[in-house]
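From first to last, the protein sequence lines are chains Y and D.
Numbering-wise, the first sequence is residues 6 to 117 according to my numbering.
Numbering-wise, the second sequence is residues 152 to 264 according to my numbering.
No residue lacks a Cβ here, since even glycine has one placed at the ideal position from N, Cα and C.
Data first, discussion second: the structure below is written as structure tokens.
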Amino acid sequence: DAKTTQPNSMESNEEEPVHLPCNHSTISGTDYIHWYRQLPSQGPEYVIHGLTSNVNNRMASLAIAEDRKSSTLILHRATLRDAAVYYCILRGQAGNNRKLIWGLGTSLAVNP
Amino acid sequence: NAGVTQTPKFQVLKTGQSMTLQCAQDMNHEYMSWYRQDPGMGLRLIHYSVGAGITDQGEVPNGYNVSRSTTEDFPLRLLSAAPSQTSVYFCASSGTGNNQPQHFGDGTRLSIL
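Put into structure tokens, the structure is as follows:
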């Protein structure tokens with residue numbers, strides 16, 4: 006079973022910020038939180054990852070709750086090209102935690 | 152930069168046939184994995200490898216075999232294709248650290264009649 010839960014779908018308007026939530030209440034201390042997105046008919050694409058502190062890169066920002074049981078991917082200004090399925094997964098270091106189990110993700114629609 | 156290369160991109164098989172999906176990466180990544188994705192679904196892990204000579208099962212390993220004789224290559228074999236294996240298959244690679252992002256191939260679209 007996936008270790009993360011996300012809303013099935015979300016909708017945004019172009020040029021508005023989007024906050025995509027992810028719950029991971031069973032996260033262990035060494036698990037990193039990774040986000041990927043998948044455009045239609047393409048393979049997944051890495052977006053961002055973090056451990057404890059909030060992270061920023063050219064694509065997005067990642068806000069991680071203080072207890073690490075949830076995180077939020079922030080797209081600062083949505084564009085039509087951001088319409089995709091967004092996946093949040095946990096990556097552990099040892100044993101079964103090396104298996105990367107993906108959930109169903111959040112399908113983001115962006116309205117012009 | 153080639154990254155992760157999957158071949159073929161498309162394949163149609165008859166039930167009972169066998170075939171090998173190829174995956175190669177040129178980034179010297181130790182971790183490689185195979186996923187399948189059915190329509191409207193997320194990715195499901197089939198098998199993964201943390202280095203040459205080391206493989207392990209994922210969520211849905213039945214009907215598939217893998218081997219990892221080199222760091223670069225991680226082929227996926229369908230022993231006796233079944234219609235239930237019709238899917239899109241993705242190969243991914245990364246460094247072994249849990250802070251390492253995965254790099255995905257473009258996928259193989261497999262139909263089994």
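Burial state of residue i (16 or more Cβ within 10 Å)
{"i": "S238 of chain D", "result": "buried"}
{"i": "Q47 of chain Y", "result": "exposed"}
{"i": "M192 of chain D", "result": "exposed"}
{"i": "R219 of chain D", "result": "buried"}
{"i": "V90 of chain Y", "result": "buried"}
{"i": "G256 of chain D", "result": "buried"}
{"i": "L44 of chain Y", "result": "exposed"}
{"i": "S169 of chain D", "result": "exposed"}
Collapsed DSSP secondary structure at residue i in the structure displayed
{"i": "D87 of chain Y", "result": "helix"}
{"i": "Q47 of chain Y", "result": "coil"}
{"i": "Q188 of chain D", "result": "strand"}
{"i": "Q251 of chain D", "result": "coil"}
{"i": "I40 of chain Y", "result": "A quick correction: the sequence has Trp, not Ile, at residue 40 of chain Y. DSSP places W40 of chain Y in strand when its eight states are reduced to three."}
{"i": "L196 of chain D", "result": "strand"}
{"i": "L105 of chain Y", "result": "coil"}
{"i": "N179 of chain D", "result": "coil"}
{"i": "A65 of chain Y", "result": "coil"}
{"i": "L264 of chain D", "result": "coil"}
{"i": "P159 of chain D", "result": "coil"}
For residue j and residue i, believed in contact at Cβ under 8 angstroms, the rounded distance
{"i": "R82 of chain Y", "j": "P22 of chain Y", "result": "7 angstroms"}
{"i": "P252 of chain D", "j": "H39 of chain Y", "result": "7 angstroms"}
{"i": "L227 of chain D", "j": "T171 of chain D", "result": "7 angstroms"}
{"i": "V52 of chain Y", "j": "Y37 of chain Y", "result": "So it is not a contact: roughly 13 angstroms between Cβ atoms."}
{"i": "V115 of chain Y", "j": "L85 of chain Y", "result": "5 angstroms"}
Beta-carbon neighbours of residue i, restricted to chain B and to distances below 7 angstroms
{"i": "T111 of chain Y", "result": "No chain B appears in this structure, whose protein chains are Y and D."}
Next on the checklist: Between the segment 29-40 of chain Y and the segment 69-86 of chain Y, can you find at least three pairs of beta-carbon atoms closer than 8 angstroms?
Outcome noted: yes
Item to check | Meets three-Cβ-pair contact criterion under 8 angstroms: the segment 167-187 of chain D and the segment 234-253 of chain D | outcome: yes
Checklist entry - Counting Cβ pairs closer than 8 angstroms, one from the segment 157-166 of chain D and one from the segment 256-264 of chain D, do we hit at least three? => result yes
Next on the checklist: So within the segment 202-239 of chain D, which uninterrupted alpha helix (DSSP H) runs reach at least 4 residues, ignoring any that extend past its ends?
Outcome noted: none
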